[in-house]
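Okay, structure first, notes after.
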Amino acid sequence: MEERLQKLIAAAGIASRRHAEELIEAGEVTVNGETVRELGTKADPARDHIKVRGRLINPLLEQREKVYVLLYKPRGYLTALSDTEGRPLITELVPQSLGRLHPVGRLDFNTEGLLILTNDGELTNHVTSARNNVRKVYEVKVKGVPSEDQVARLRRGVRLEDGARTAPAEIKKLDETSTNSWFEVVLHEGRNQQIRRMFDSVGHSVLKLRRVAVGHLRDERLRPGSYRFLTPQEVARFKVGAKAGRKKLDKASGARRTAPKSERRKAGGRGRS
């Protein structure tokens, strides 16, 4: 059966679908010896020889078993497969017998919490694509107590130090003392060190950060450094949820495009920091 090349490459565990598209555009993929650069190209692994950077991926597609791990990443571990500085890696926390697994998204070195590891590039695309609207939930301890106005700015979206503007976020105060406070933050995007930079932008540094949910996945039984396998139902729910998330986002985008100009100008003016 013919499928798009980027989907086949992701299914082989070579790369996420997004990275697979980059490999195709860079001329790193061949089908039956011919270089392919067009993203819509399809191939049938039952009859076509598909290579990525000279490596035949057909055997990987035929034999590869999908693995899905939910890890509680401790602080002090790097979300990467290698590091020139020799820092501890998340892959050291799971058995090597599971094969080559890649992280779905990332958590910063000093951030702890739930992280999916898998060899399924298709699932990685479902979870990390902003278009699929997958929620990531964090608990954040910050220095001091942000004012209601500062929290409102964070909810609307703030301008970061590099000029980028964050998307609207769900933020709820959990607790506070005279010197610090705890918040629950829900994001649908994943910029580098985003939550730390968000709170820095309103003058309150992050003291502790942990991710407690990825989409529908929560597991309070996991402790730092421990892991479990996802159930088939949990994996399937991500793929069903991705379709629902895309429909929701497409509907919102359509409403935005068809709104009167006066309303669009009004909406565009909200939330400026």
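Start counting the sequence shown at 8; every next residue gets the next number (the numbering used here).
Note that the Cβ used here is the ideal one computed from N, Cα and C, for glycine as well.
| Check | Outcome |
| --- | --- |
| Count the other CB atoms within 10 Å of the CB of Pro239; is the residue buried (16 or more) or exposed (fewer)? | exposed |
| The beta strand (DSSP E) that contains Thr37, what's its start and end? | Val36 to Val38 |
| Here's the rule: buried if 16 or more other CB atoms are within 10 angstroms of the residue's CB, otherwise exposed. What is Pro153? | buried |
| Any beta carbon of chain D sitting closer than 9 Å to that of Thr184? | The structure shown contains no chain D, having only a single protein chain. |
| Compute the beta-carbon to beta-carbon distance between Arg218 and Thr135, rounded to the nearest angstrom, for a pair I have assumed lies under 8 Å. | That pair is no contact at about 14 Å. |
| Short check: CB of Ile31 to CB of Leu46, under 9 Å? | yes |
| Pick helix, strand or coil for His26, following the three-state DSSP scheme. | helix |
| Closer than 7 Å by C-beta to Ala137: which residues in its own chain qualify, once you throw out the five before and the five after it? Chain order, please. | His195 and Glu196 |
| So the beta strand (DSSP E) Val76 belongs to, where does it begin and stop? | Tyr75 to Lys80 |
| Got a sec, what are the start and stop residues for the alpha helix (DSSP H) Val134 sits in? | Gly128 to Thr135 |
| When you compare the CB positions of Gly34 and Arg44, do they come within less than 9 Å of one another, or not? | yes |
| So Leu121 and Leu88 are in contact, right, with Cβ under 8 Å, and what is the actual spacing, rounded? | Not quite, the Cβ-Cβ distance comes to about 19 Å (not below 8 Å), so this is no contact. |
| For Pro66, count neighbouring Cβ atoms within 10 angstroms of its own Cβ and tell me buried if that reaches 16, exposed if not. | exposed |
| Hey, how far is the Cα of Glu99 from the Cα of His109? | 12 Å |
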